[in-house]
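Novice: Note that the protein sequences, when read in sequence, are chains A and B.
For the first sequence, counting from 1, position 85 maps to 84 in numbering that gives the first Met the number 0; every step adds exactly one.
For the second sequence, counting from 1, position 21 maps to 20 in numbering that gives the first Met the number 0; every step adds exactly one.
Backbone N, C-alpha and C fix where the C-beta goes; we use that ideal spot for every residue, glycine too.
Note that the coordinates shown come from a computational prediction; the quantities given were computed from them, not determined experimentally.
Here it is, the structure, as structure tokens.
There are 2 protein chains.
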Amino acid sequence: MAFITSSVEYGLHCLLWLVDPDCGQPSSRDLAELQGVSPSFVAKIFPKLEKAGIVRAAQGVRGGYRLARDPAEISLLDIVDAIEGDKPLFDCQEIRGRCAVFGDSAPRWATQGVCAIHAAMLRAETAMRDSLAAESLAHIAATVGRKAPADFTREVRTWLDGKAAGRAPGRTPRRRNAST
Amino acid sequence: MAFITSSVEYGLHCLLWLVDPDCGQPSSRDLAELQGVSPSFVAKIFPKLEKAGIVRAAQGVRGGYRLARDPAEISLLDIVDAIEGDKPLFDCQEIRGRCAVFGDSAPRWATQGVCAIHAAMLRAETAMRDSLAAESLAHIAATVGRKAPADFTREVRTWLDGKAAGRAPGRTPRRRNAST
Numbered sequence: 000m001a002f003i004t005s006s007v008e009y010g011l012h013c014l015l016w017l018v019d020p021d022c023g024q025p026s027s028r029d030l031a032e033l034q035g036v037s038p039s040f041v042a043k044i045f046p047k048l049e050k051a052g053i054v055r056a057a058q059g060v061r062g063g064y065r066l067a068r069d070p071a072e073i074s075l076l077d078i079v080d081a082i083e084g085d086k087p088l089f090d091c092q093e094i095r096g097r098c099a100v101f102g103d104s105a106p107r108w109a110t111q112g113v114c115a116i117h118a119a120m121l122r123a124e125t126a127m128r129d130s131l132a133a134e135s136l137a138h139i140a141a142t143v144g145r146k147a148p149a150d151f152t153r154e155v156r157t158w159l160d161g162k163a164a165g166r167a168p169g170r171t172p173r174r175r176n177a178s179t
Numbered sequence: 000m001a002f003i004t005s006s007v008e009y010g011l012h013c014l015l016w017l018v019d020p021d022c023g024q025p026s027s028r029d030l031a032e033l034q035g036v037s038p039s040f041v042a043k044i045f046p047k048l049e050k051a052g053i054v055r056a057a058q059g060v061r062g063g064y065r066l067a068r069d070p071a072e073i074s075l076l077d078i079v080d081a082i083e084g085d086k087p088l089f090d091c092q093e094i095r096g097r098c099a100v101f102g103d104s105a106p107r108w109a110t111q112g113v114c115a116i117h118a119a120m121l122r123a124e125t126a127m128r129d130s131l132a133a134e135s136l137a138h139i140a141a142t143v144g145r146k147a148p149a150d151f152t153r154e155v156r157t158w159l160d161g162k163a164a165g166r167a168p169g170r171t172p173r174r175r176n177a178s179t
């Protein structure tokens with residue numbers, strides 16, 4: 000399995016649609032259906048993004064999600080950390096302390112400080128995290144937006160509006176909250 | 000599970016002992032026992048390191064492994080790639096082509112080139128790999144060596160010599176090759 004999982008991939012693709020200020024407040028189900036991915040899978044991602052202060056849930060029957068802050072201030076690292084949690088690149092097992100010549104207990108010099116192998120892995124992890132921190136959601140959305148023809152954004156807004164209208168009171172009484 | 004697994008951790012710790020030119024030619028079992036880790040687990044790692052040209056198996060009953068090239072020319076990336084194989088940080092599923100407004104097939108503009116999300120992940124992967132490529136086995140061994148007292152290296156050599164002597168003809172007839 001890849002280190003950065005499909006939860007991040009799905010979450011990121013959903014967030015890209017929310018960068019458009021005129022996208023409304025789509026539900027996680029709307030965003031999943033817009034992209035042809037599993038609604039139940041996406042529904043588990045949004046509470047994590049909300050907890051991390053990346054999205055905000057809007058109240059009401061037609062409520063859904065919107066970005067909680069400027070997309071230029073949301074980095075890929077923020078999103079990866081929100082969805083994946085604390086997940087190290089390398090999990091040091093402190094093998095250095097088990098050397099047979101130490102007998103029953105390792106001397107202090109052998110286990111003090113960070114293991115040199117672990118330290119090198121931490122430098123690689125920092126390099127990866129620094130790169131993710133330098134990428135903003137706004138920048139990625141702009142890159143995607145430059146490829147799309149002008150009418151594509153309009154078509155997506157219309158599609159999302161139709162979904163939101165379907166959530167109007169009396170239309171779909173069983174779908175009463177933002178995350179379904 | 001961490002992205003860089005315990006196979007890399009065990010392999011790297013074994014390789015550190017081989018940097019000492021006077022360590023002899025320990026078997027993978029000797030190296031595993033020296034470090035208190037599973038010999039059968041370590042035995043699976045060495046063929047990968049040999050295939051990648053990082054270690055060379057010495058022939059004969061007392062044969063074992065030695066480095067195949069200068070440890071200053073062996074990077075952490077060489078070792079990670081040898082043991083982990085081709086393992087991407089992020090596995091793009093091309094979600095961009097599934098947008099509901101496209102209907103049955105995505106237009107060419109939507110799927111041409113690398114997905115902007117994937118491209119950002121590839122930059123993070125490159126940053127991580129560049130960092131691993133900048134770390135040499137020799138440098139890590141020197142960092143470890145600076146912490147150890149002078150008699151530690153002698154004790155390890157004596158321990159490994161004892162193990163190699165145990166593999167002499169007539170002593171342990173069932174252990175006849177380098178990797179056991």
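Taking 7 Å as the line, does the beta carbon of residue 138(B) fall inside it for any heavy atom of the ligand GTP?
Specialist: Annotation note on the ligand GTP: not contained in the displayed structure, which lists no ligands.
Novice: Of all Cβ atoms in chain A, is any one closer than 8 Å to the Cβ of residue 97(B)?
Specialist: Chain A, which has a Cβ nearer than 8 Å to the Cβ of residue 97(B), makes this yes.
Novice: With DSSP collapsed to three states, give me the class of residue 6(A).
Specialist: Residue 6(A): helix per DSSP, three-state reduction.
Novice: Beta strand (DSSP E) containing residue 184(B): first to last residue?
Specialist: What is shown of chain B runs 0 to 179, which leaves residue 184(B) out entirely.
Novice: What does DSSP give as the partner residue(s) for residue 180(A) in the beta ladder?
Specialist: Nothing can be reported for residue 180(A), as the shown portion of chain A is limited to 0 through 179.
Novice: Taking C-beta pairs closer than 8 Å, name the residues in chain A that residue 87(B) reaches, listed in chain order.
Specialist: The answer, in chain order, is 1.
Novice: Can you give the beta carbon distance from residue 47(A) to residue 1(A), rounded, assuming they're within the 8 Å contact cut?
Specialist: About 18 Å separates the two Cβ atoms, so there is no contact after all.
Novice: Could you check how far apart the C-beta atoms of residue 64(B) and residue 40(B) are, in whole angstroms? I think they sit under 8 Å.
Specialist: Wrong, their Cβ atoms sit about 15 Å apart, outside the cutoff.
Novice: Any beta carbon from chain A within less than 8 Å of residue 90(B)'s own beta carbon?
Specialist: Judged by the 8 Å Cβ criterion, residue 90(B) is in contact with chain A.
Novice: Taking residue 75(A) as part of the alpha helix (DSSP H), name the residues at either end of that continuous run.
Specialist: Segment 75-83, the alpha helix (DSSP H) holding residue 75(A).
Novice: Please check if any C-beta of chain B sits within less than 8 Å of the C-beta of residue 103(A).
Specialist: By this cut-off, residue 103(A) is not an interface position.
Novice: Taking all protein chains shown into account, do 16 or more other C-beta atoms lie within 10 angstroms of the C-beta of residue 134(A), making it buried, or fewer, making it exposed?
Specialist: Classification of residue 134(A): buried, given that the 10 Å Cβ count is 16 or more.
Novice: Shorter than 8 Å from the beta carbon of residue 5(B) to some beta carbon of chain A?
Specialist: Yes, its Cβ sits closer than 8 Å to a Cβ of chain A.
Novice: Provide the residue(s) that pair with residue 26(A) in DSSP beta bridges, ordered along the chain.
Specialist: In DSSP, residue 26(A) forms no bridge with anything.
Novice: Less than 8 Å between C-beta atoms, sequence neighbours within five positions excluded: which residues of the same chain meet that for residue 79(B)?
Specialist: The residues are 3, 7 and 131.
Novice: Between the stretch 61-76 of chain A and the stretch 113-126 of chain A, do three or more beta carbon pairs fall short of 8 Å?
Specialist: Cβ pair count under 8 Å is below three, so no.
Novice: Mind pulling the chain B residues with CB within less than 9 Å of residue 51(A)?
Specialist: What residue 51(A) touches in chain B: nothing, since even the nearest Cβ is about 18 Å away.
Novice: Give the interface partners of residue 147(B) over in chain A, defined as CB-CB distance under 8 Å, in chain order.
Specialist: Neighbours of residue 147(B) on chain A, chain order: 108 and 109.
Novice: So, does the stretch 144-163 of chain A touch the stretch 108-122 of chain A, judging by three or more C-beta pairs under 8 Å?
Specialist: No, the stretch 144-163 of chain A is not in contact with the stretch 108-122 of chain A.
Novice: What three-state label does DSSP hand residue 39(A) in the structure shown?
Specialist: Residue state, collapsed to three classes: helix.
Novice: Going by other Cβ atoms of all chains shown within 10 Å of its Cβ, with 16 needed for buried, is residue 163(B) buried or exposed?
Specialist: Answer is buried; the Cβ neighbour count reaches 16.
Novice: Contact check, residue 18(A) vs residue 99(A) under 8 Å by CB: the rounded distance?
Specialist: Incorrect: roughly 57 Å between the Cβ atoms, too far for contact.
Novice: Which residues in the same chain have their Cβ closer than 7 Å to the Cβ of residue 174(A), if we skip the five residues on either side of it in sequence?
Specialist: Only weak support is given to the placement of residue 174(A): the predicted model assigns it a pLDDT of 43, under 50, and the value that follows is read from those uncertain coordinates. Excluding positions up to five away in sequence, the list reads 166.
Novice: With DSSP as the reference, label residue 135(B) as helix, strand or coil.
Specialist: In this structure, residue 135(B) counts as strand in the three-state DSSP scheme.
Novice: At a Cβ threshold of 8 Å, is residue 142(B) touching chain A?
Specialist: Output row for residue 142(B): interface = yes.
Novice: For residue 68(A), is the classification buried or exposed, using 16 other Cβ atoms within 10 angstroms of its Cβ as the cut-off for buried?
Specialist: Looking at its Cβ environment, which holds fewer than 16 other Cβ atoms inside 10 Å, residue 68(A) is exposed.
Novice: Leaving aside the five residues before and after residue 49(A) along the sequence, list all residues of the same chain whose C-beta is less than 8 Å from its C-beta, in chain order.
Specialist: Taken in chain order, the residues that qualify are 55, 56, 64 and 67.
Novice: Rounded to a whole number of angstroms, what is the C-alpha to C-alpha distance between residue 35(B) and residue 107(A)?
Specialist: Rounded to whole angstroms, residue 35(B) to residue 107(A) spans 18 Å at the Cα level.
Novice: Can you find the residues in the same chain that come closer than 7 Å, C-beta to C-beta, to residue 139(B), ignoring five residues on each side of it along the sequence?
Specialist: These residues qualify, in order along the chain: 15.
Novice: Mind pulling the chain B residues with CB within less than 9 Å of residue 129(A)?
Specialist: Ordered by position in chain B, the residues that pass the 9 Å Cβ test against residue 129(A) are 123 and 126.
Novice: So if DSSP puts residue 89(A) in a beta bridge, which residue, or which two residues, is it bridged to?
Specialist: Paired residue(s): 3(B).
Novice: State the Cα-Cα distance for the pair residue 76(B) and residue 59(A), rounded to the nearest angstrom.
Specialist: Whole-angstrom Cα-Cα distance: 52 Å.
Novice: Can you list the residues of chain B that residue 75(A) reaches, using a CB-CB cut of under 9 Å?
Specialist: Neighbours of residue 75(A) on chain B, chain order: 116, 119, 120 and 123.
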